[in-house]
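Structure first, then comments.
In our numbering, the protein residues as written are 1464 to 1975.
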């Protein structure tokens, strides 16, 4: 077996590029599948899909965040090329995740009596067997835990790009199979079943490949020492809080909408969620794969050098956040109207709230990467619980009062009063050992710039017709002008010059 010996820069670029490929495959595949889905079935089917997906997110609490704790523990053995220690971690990972799969199956059985409380059965299409659909979702969730421990090897070895490219192939295969089954049978249950079968077969093949590539690691029979297992359990206690917070914040919107508004509202919002989640995940793919690189860098560099890396990553993070937020705010409703029709539209004020939610979520990626890479999740364990509590209470109360907008106000408010200040404060105190006033100046600058571009774009777009070519023109204006504006106001900064120089050097090499 050969460990990854590429440089950190190469690993980072491979992780980002492959993450973008994976997300593009997901965006295009999901769009094609959803378009056909709505042509053949209806928005109520999408509502069922959204509600049960949220329920399965709640079941993922059984994972407790232990996977992140184990992966963090594997970074050092990989850096030291300690095959025996890595093998012990993998065996531990396998045992834990197989136990989690069993727990999720039991939770699925226990939760079954409550499905009619979550879904208004009068809105369920007559040809849907709700019980069968529910247990197919449970089976999909259980099967997802069977192979993930092997993929952790590639992530810890800074081969995140291999996992991303595999997932791209899996997604593409899955969408093709689902489209064929949907066209051939027009049966929602058979579509779900085909997706489960595809995931099991393709993941099984990838699992065999990993076993061959890392044969020497899987031949290790040693157990992880008790003190290291206890350390993982201790980290997991902190990560559980993060897990709970994340699931409540991201995994209850559809449940609240279904209960407080309607199943059809879940279906309408799911189209917006598909697009925004795809763009958000694209950003997460670009930056999320850098956690092993960050961990390796911080372990070997001074706080000042680590802060320099943080500022460069934050600059790229904020550029992408500002650009995507502007495009989403200006183009979401025109796209939905062109793709479907006016009955699927949300008000522009609700779109603004959804975009603000996206902005807050993506701006934190760099800080979150450093917290995970530096193992600071234990020191931030209370914050996610506060965030989740505020989010749930505000969302439910406001959904009763003002409808769908209240759900997203809850998410925005909970983020604004918790992680928006807590995460940079932790890094400043524990990693960079400096004040974080500069961070707030950077955030304020980008917020003002983003709002100004959204306002200016909205005024300009009132002059453009609401037809296909008008949408194409809007898309070009939003994409090109927003990036030109960002470049115009930031090109004098050290971070912008760093990236321009980096791109220039790469282009020069290509010419040679």
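In this text, a Cβ means the ideal position worked out from N, Cα and C, and glycines have one as well.
Item, Value
"Whole-angstrom distance between residue 1817 and residue 1861, CA atom to CA atom", "15 Å"
"Coarse secondary structure for residue 1609, derived from DSSP in three states", "coil"
"Distance, residue 1538 Cα to residue 1619 Cα", "6 Å"
"Close beta carbons around residue 1549, own chain, < 7 Å, minus the five adjacent residues each side", "1537, 1540, 1541 and 1680"
"Test item: CB-CB of residue 1732 and residue 1720 under 8 Å", "yes"
"Residue burial classification, residue 1917 (beta-carbon count within 10 angstroms, cutoff 16)", "buried"
"Sufficient close CB pairs (3 or more, under 8 Å) joining the region 1785–1798 to the region 1928–1945", "yes"
"Top-ranked residue by Cα proximity to residue 1612, from 1644, 1667 and 1640", "1667"
"Cβ distance (whole Å) where residue 1654 is taken to contact residue 1664 below 8 Å", "With 8 Å as the limit, residue 1654 and residue 1664 do not qualify as a contact, their Cβ atoms being about 16 Å apart."
"Residue 1574, enclosing alpha helix (DSSP H) - first and last residue", "1546–1574"
"Beta carbon of residue 1635 nearer than 8 Å to that of residue 1484", "no"
"Same chain, Cβ closer than 8 Å to residue 1493, five either side skipped, listed in chain order", "1638, 1737 and 1741"
"Test item: CB-CB of residue 1661 and residue 1640 under 8 Å", "yes"
"Contacts around residue 1881, its chain only, beta-carbon distance under 6 Å, and the 5 residues preceding and following it disregarded", "1846, 1849 and 1850"
"Three-way DSSP call (helix, strand, coil) for residue 1896 in this model", "coil"
"Residue 1571 versus residue 1603: straight-line alpha-carbon distance, rounded", "11 Å"
"Helix, strand or coil at residue 1525 according to DSSP, with G and I counted as helix", "Interpretation of residue 1525 is limited by its pLDDT of 49, a score under 50 that renders its predicted location unreliable; the figure taken from the coordinates is listed afterwards. Here residue 1525 sits in helix by DSSP."
"Counted within 10 angstroms of its Cβ, other Cβ atoms place residue 1901 as buried (16 or more) or exposed", "exposed"
"Every unbroken beta strand (DSSP E) within the region 1847–1907, with a cutoff of 3 residues, ordered by chain", "none"
"Rounded straight-line distance, which links the Cα of residue 1834 to that of residue 1884", "13 Å"
"Anticipated Cβ contact below 8 Å, residue 1949 with residue 1785, distance rounded", "6 Å"
"Residue range of the alpha helix (DSSP H) that includes residue 1790", "1766–1802"
"Cβ contact (3+ pairs, closer than 8 Å) linking the region 1767–1780 and the region 1821–1833", "yes"
"Cβ-Cβ separation, residue 1747 to residue 1828 (assumed contact under 8 Å), whole Å", "6 Å"
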